[in-house]
Structures are given as C-alpha cells and as structure tokens.
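The structure appears right after this line, and notes come after that.
In the working numbering, the protein residues as written are 8 to 104.
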C-alpha cells in the first residue's frame, strides 16, 4: 500500500533524470560554451532532483524502521520477555539469596 507512492516516485525520477541527461548532452553538442545558462539550469535541476531523491529514500527508510519498531514493541511476547528479565534481575540482586 505505501509502496505505491515510492514506485511512482522512482519511475518518474528515472524518466525525468534520463530526459534531463539527454537534454544536457544534446545541448552540449550544439553549443560551444560550457557555461550556457540553459545547460546550467538543467544541471542544477539534475542536482536538486538527486538530492530530493536521497531525502525521499531516507524518509521511506525511516518509515519502515518506525513501523518495524512498533511491531516489535506491540508483540505480547516482548512484554513477557521484559517481565521475565526484570524478575530475574530482581531475584539475583535480592539480599536473601
């Protein structure tokens, strides 16, 4: 369910990067200037799109980790293990033993 936005973003990202890269290569072949404003705008767009991609992937990874941590904490056996560990620790530290 939450993979749909990720897949749509990846497909659009790949298509847009490919298109921008082709445009930059075509523009470099047609112009003699390396500092053409249009070429620079395309390169800046490529850089910002790459940065946006990195942040989006980090966001998705943080969501996955958050969901996994909630699943671990919400399991009933997690709390049973915590109680057993606490009781073992308390009994080993008691002065009567």
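Cβ atoms here follow ideal geometry from the backbone N, Cα and C, with glycine treated the same way. Here the structure is a predicted model, which is why all the values come from computation and not from measurement.
Check: Under the three-state reduction of DSSP, which class applies to residue 43: helix, strand or coil?; Outcome: coil
Check: Would you call residue 108 buried or exposed, if buried means 16 or more other Cβ atoms sit within 10 Å of its Cβ?; Outcome: In the structure as shown, the chain starts at 8 and stops at 104, and residue 108 therefore has no counterpart that could be examined.
Check: Roughly how many angstroms separate the alpha carbons of residue 97 and residue 84, rounded to a whole number?; Outcome: 20 angstroms
Check: So residue 45 packs on residue 34, CB below 8 angstroms; how close in whole Å?; Outcome: 6 angstroms
Check: Whether or not the segment 62 to 70 and the segment 86 to 96 are in contact is what I'm after, with contact meaning three or more pairs of Cβ atoms, one per stretch, closer than 8 angstroms; do they touch?; Outcome: no
Check: How many whole angstroms separate the CB atoms of residue 20 and residue 60, which I take to be in contact at a CB cut-off of 8 angstroms?; Outcome: 5 angstroms
Check: With 16 other CB atoms within 10 Å as the buried threshold, where does residue 31 fall?; Outcome: buried
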